[in-house]
Amino acid sequence: KNCIITKCQITWRSKVKMGHTSLEKIIALQKKTPHIRNLCILAHVDHGKTTLADCLVASNGIISSRLAGKLRYLDSREDEQIRGITMKSSAISLHYTTGGNEYLINLIDSPGHVDFSSEVSTAVRLCDGAIVVVDAVEGVCPQTQVVLRQAWLENIRPVLVINKIDRLIVELKLTSQEAYTHLQKILEQVNAVTGSLFTSKVLEERAEKDAEAQSSCTENGSGDQVYDWSAGLEETDDSDLYFSPDRGNVVFASAIDGWGFSIHQFAEMYSQKMGIRSSVLLKTLWGDFYLNAKAKKIMKGAQSKGKKPLFVQLVLDNIWSMYDAVVTRRDKEKVEKMVTSLGLKVMSRDLRHSDPKVLLSAICSQWLPVSQAVLSMVCEKLPSPAEISAERVEKLMSVGARRFDSLPEQTQELKKAFLDCSADETAPVIVFVSKMFAVDSKALPQNKQRPLTQEEIAQRREQARQRHAERQAANQSAESPGSADTGGASTTVAPASGAVTDALCAQTEALSVKTAVEEDNKEHFVAFARVYSGVLRKGQKVFVLGPKYDPSLALRALPEGCSAADVLPSVPHMACCTVDSLYLLMGRELEELDEVPTGNVLGIGGMEEFILKSATISTSPSCPPFTPLNFEATPIVRVAVEPKHPSEMPKLVRGMRLLNQADPCAEVLIQETGEHVLVTAGEVHLQRCLDDLRERFAKIEISASKPIIPFRETVIRPPKVDMVNEDMGKQQKVAVIHQVKEEQTKYPEGVQVDSTGLVTLTTPNKMATVGVRAIPLPEEVTRLLEDNVELIRTMEQFSLFAWEDKTLDINQKILENIQEFKVKLESNLQGRKWRGAVERIWAFGPRRCGPNILLNSVEGYRRPSVWQCLEREKETEKAEIRDFDNSIASGFQLATLSGPMCEEPLMGVCFSVETWDMKLSAPLAQQDSIDEDSQTAEPNIDNQNESSDTHETNASSASSNRSRSGAEAAGSSVDCYGPFSGQLIAAMKEACRYAFQAKPQRLMAAMYTCEIMATAEVLGRVYAVLSKREGRVLQEEMKEGTDMFIIKAVLPVAESFGFADEIRKRTSGLASPQLVFSHWEVISSDPFWVPTTEEEYLHFGEKADSSNQALKYMNAVRRRKGLYVEEKIVEHAEKQRTLSKNK
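Residue 1412, in the numbering used here, is where the sequence shown stops; the numbers in between run on with no holes.
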């Protein structure tokens, strides 16, 4: 019972040969495309990716199998080793032989921490398959779902490794039967995620087909009276998508103990022992089957009959008994029996070792080697580069919303090159660079120290003799003039001259050594890439295509059949360069190559001048740029960086430029204030970027500010309850109206605010009056505007082209998306006050694509719609456009870019322009002052008339109901107050700000979604830390079969710094949070609220600043920006103060 397995295991293992592989062997394997496997390891953080990678690397003899899991070979950075997490994806090429075939495995290890999910995106793009690792105890975690989704979006095939099964035995102390049930649930969880991705894809395709069918029916004037309600899920085959051990795409493993197995291995073992065909065992080893010992048959219905399933009886019981004998009981006799029956060789020192895990690893790594199980599954189940699907090719070639069939004909022909995956001379070279990574110049193969040959030693000896002879000749020539002029003086001059010569030589040598050291310390960039077609050779001339490259423009500009070696006219986002060097990526090492055929992952040197982060390389100008990478993490954490010594600013600038190139997710900005700002995905990512700046790229001491927390400003509807949650009665509402009337005195002259919030403001020259009202947008509309930024940008671009009388071709798919966006806006903007609002949208802001709207509510004023790209047939009907229409929009853009609360951008606000009056001429008193000013400023009148004429030329034609003389009068008022358009922009901006302040103002905080896994005993401490940091728990659920709880909460980004460290300290490392940016949330408290009633005074105190979180955030931002903050300052610090109240 303890061990049924006999020496049949050895015969199965003998089929596989592994060992240290030479570079020549790998180069030969690179040419066999069908036998190449490009794969990455994906998982949640701490689920055992790097340990599994160590086991696979050890199978090639690169590291010792005893060090697997301890060395973390692919974690080459020092901070990766200290923190124990992977931060950079790194690749290695492995050789594996099975079934008489040799395979080249290009393995990429990727990070699991959410801050580094951009590295996962760069790895997934270059692969054809993925190993998804899941912890047997924790099951499917948030990042597991993310990586499964990324693999799905990139159309790569995953296989599953359920790791850390030893934890079920040692930590949870489950029986083999309980462990089987637990493993079934984990498989169900993974398949549920895959099923949801499949369902969403099928429903999207069905919706597209329905839309096409509906449009064709509309064109034909006929339509079916019967609607097909089926979703299309029944007809679609999804059997190949799911993970199941009997299909051979699941491995059960404990990478730290070095063992792993698939059903296929045990089926082959037991088919010889039990005399049952392996194909039968493959179908029955996993599932509700049991072994009838009397009938010697495999029967169905183990659960209903209370029998042990076959998987438990034949597989898990053996492993459990092994752990029981070695780890729990430490029974030496039993262990020796097992080792003998399995035909294994265990060293006596391992048997005597005090740590039972050493003995267990020595036995299991021979009995069920994890590398063998995983690599066999990879070779059998994952596709080669030659098996790339047509769907994936079209997705890679279709940039943005552009469909594949809308690409030029020459570009569409390249699809065949992708599918053929040919290494012929005639095949075009197509390479995708997913990221650039920095390498120390010493690590480059050409700069490595190597033993000198006899010829090189002799050459260096000769060079040393020549230098010595030159130095002696220089000394003698310095001595001879002194001896000729004065015989006695030569004794003093000669040594001095010789010393000077030696000093000069020493200085020259020191300078050359310093230059050599600087050259050694220089960072070189290597492009992390994959060849999709052709053969990339060293010294080859290629085109480097940026993400915005358009092949249709290039094909029109370039001669037919041109190559990168020709002299060509410049094309936007395209550069010609020579491939400097090619590298084989071997983890921490690089090996130089002369050529790399199709289907291989490689490193390319000398591309730093041409590629920023990612690019496409090709020998054909008709090749399109690949679609952008899908980044799950949004850069949200900002810090201002400056050098400690101001003289080192150029080094900092260069260092930040290098960091921007080396990190796929980091962003580097220079603000209007001149600050250098670094934007990162999270706290851990920020720390790594700052360390890289100090130690690798800038190599100077830097000081970083506290994180710059982003906020947004918004307005809400008047609240119905006060700060003590009591209903606001009529008296309080009257008090609020009275307060608004009192605040009228605070507004400057020319600004009027009525009780409904309508702000009327007049320009300084009294020639234009604007009336603006601020209205809060519904949450759904704000979210819709945020999600469709790219569509709004396209609409704005079309409007700009129409203004300049140019045409912009927009893809039909984009037009359909814009139409759908418009319909959704109309459905969400319901009610009397929003009637016809969508058609009256003037602009979006800030930056013309933000989540705020400017509405045209001026009676009788018609202007071009922002939806004019959908109304192409009406292009000829030129609408009358007001001269200063753009000034109103510009004022709105400025107002939404920085709000009045703390100069942060606005969000979810609609500004409705209700009145806009322009007078034909300035008032008399005003005109007199203009005349006086014009007489005093006579020398400048010519220049100012020129500027007014220029403005009139740039402005569009005036509306029909106002004469041209009004605009001319407006233009003439430039003398006193500046150009009228500028006055109107300033007036509109101020009107928007006052309209904003006339409504209840609120701050919006950026929020993280926080998922915490914690045990039951530390649950209370987790809640305490969350409540202390203004967090809010949304959901709590227990994982079945474990004592682990999953807590889902939201946490303000402003409170997140140090959160992970604090929660680990408070829970002794038993809870680990994952923070992902989620949304913007309105802070409920009013930052300008002051207590008015006696109850409020008792509850909040006189200042009411202790519990007002919004006020704290607002003042912190204002203080950082140097704005006025209402704070009491101690006037006489040395004077004694009486703090107690007088009684």
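Just so it is clear, CB atoms sit at the ideal spot from N, CA and C, and this is done for glycine as well.
Query raised in the report: Name the DSSP beta bridge partners of P1045, please?
Result: Per DSSP, V1178.
Report task. Out of K442, L824 and T609, state which residue places its alpha-carbon closest to the alpha-carbon of I632. Result -> T609
Query raised in the report: When the Cα atoms are used, what is the spatial distance from E1395 to G1168?
Result: 18 Å
Query raised in the report: How about the segment 911-926 and the segment 728-748: do they share at least three Cβ pairs that are nearer than 8 Å?
Result: no
Query raised in the report: Distance, Cα to Cα, S390 vs L429?
Result: 19 Å
Query raised in the report: Is the CB-CB distance between P1174 and G1100 below 8 Å?
Result: no
Query - Residues of its chain near V520, where Cβ-Cβ distance is below 6 Å and the 5 sequence neighbours each way are ignored - result: V430, G529, S531, A642, V643 and M646
Requested in this report: Please confirm whether F812 and V702 have their CB atoms less than 8 Å apart.
Outcome: no
Query raised in the report: Got a sec, what are the start and stop residues for the alpha helix (DSSP H) N1097 sits in?
Result: DSSP places N1097 in the uninterrupted alpha helix (DSSP H) bounded by Q1081 to N1097.
Query raised in the report: Taking just the CA atoms, how far does K565 sit from P514?
Result: 23 Å
Query raised in the report: Going straight from the alpha carbon of A834 to that of R436, what length do you get?
Result: 60 Å
Requested in this report: Leaving aside the five residues before and after K470 along the sequence, list all residues of the same chain whose C-beta is less than 6 Å from its C-beta, in chain order.
Outcome: Cβ-Cβ distances below 6 Å link K470 to nothing in the same chain once the five nearest sequence neighbours on each side are left out.
Requested in this report: Evaluate K339 with the Cβ neighbour count: other Cβ atoms within 10 Å of its Cβ, from every protein chain shown; 16 or more gives buried, anything less gives exposed.
Outcome: exposed
Query raised in the report: Going by alpha carbons, who is nearest to L456 out of R736, M1273 and L510?
Result: Residue L510 is the option with its Cα nearest to L456.
Query raised in the report: Relative to the C-alpha of R418, which residue among C1245, L443, A461 and I434 is closest?
Result: It is A461 whose Cα lies nearest to the Cα of R418.
Report task. Check whether the Cβ atoms of C831 and L837 lie closer than 8 Å to each other. Result -> yes
Requested in this report: Give the secondary structure of S590 by DSSP, where H, G and I count as helix, E and B as strand, and everything else as coil.
Outcome: helix
Report task. Report the three-state DSSP secondary structure of K566 (helix, strand or coil). Result -> strand
Query raised in the report: If you pair each beta-carbon of the segment 922-940 with each one of the segment 950-960, do three or more pairs fall below 8 Å?
Result: yes
Query - DSSP beta-bridge partners of N1121 - result: G1114
Query raised in the report: Does DSSP put F521 in a helix, a strand or coil?
Result: strand
Query raised in the report: If you check the beta carbons only, do D586 and G570 fall under 8 Å apart?
Result: no
Query raised in the report: Contact between the segment 402-411 and the segment 311-320: three or more CB pairs below 8 Å?
Result: yes
Query raised in the report: From M1036, V908 and P1269, pick the residue whose C-alpha is nearest to that of A1043; which is it?
Result: P1269
Query raised in the report: Is it the case that the Cβ atoms of G1160 and L1253 are separated by a distance below 8 Å?
Result: yes
Query raised in the report: For the alpha helix (DSSP H) that Q1270 lies in, which residues bound it at each end?
Result: Where Q1270 is concerned, there is no enclosing alpha helix (DSSP H), although the beta strand (DSSP E) it sits in stretches over Q1270 to T1284.
Report task. Output the boundary residues of the beta strand (DSSP E) element that contains S675. Result -> Counting along the chain, S675 falls outside any beta strand (DSSP E), and DSSP gives it neither H nor E.
**Report entry** Continuous alpha helix (DSSP H) stretch holding T366: start and end
**Finding:** Taken as a continuous stretch (DSSP letters only), T366 belongs to no alpha helix (DSSP H), being part of the beta strand (DSSP E) at S359 to T367.
Requested in this report: Would you kindly check if the distance between the Cβ of G872 and the Cβ of L898 is under 8 Å?
Outcome: no
Query raised in the report: Any idea if R986 is buried or exposed, counting beta-carbon neighbours within 10 angstroms, 16 or more meaning buried?
Result: exposed
Query raised in the report: I think V595 touches V604, with their Cβ atoms under 8 Å apart; what is that distance to the nearest whole Å?
Result: 6 Å
Query raised in the report: What is the rounded straight-line gap between the Cα of A360 and the Cα of N375?
Result: 7 Å
Query raised in the report: Just reading off the alpha helix (DSSP H) that F1326 is part of, what are its end residues?
Result: Membership of F1326 in any alpha helix (DSSP H) is not indicated, and neither H nor E is assigned to it by DSSP.
**Report entry** Ordered list of alpha helix (DSSP H) runs contained in the segment 1286-1322, each at least 4 residues
**Finding:** 1288-1297
Requested in this report: Compute the beta-carbon to beta-carbon distance between V870 and P904, rounded to the nearest angstrom, for a pair I have assumed lies under 8 Å.
Outcome: Not quite, the Cβ-Cβ distance comes to about 27 Å (not below 8 Å), so this is no contact.
Query raised in the report: Under three-state DSSP, which class holds R1387?
Result: helix
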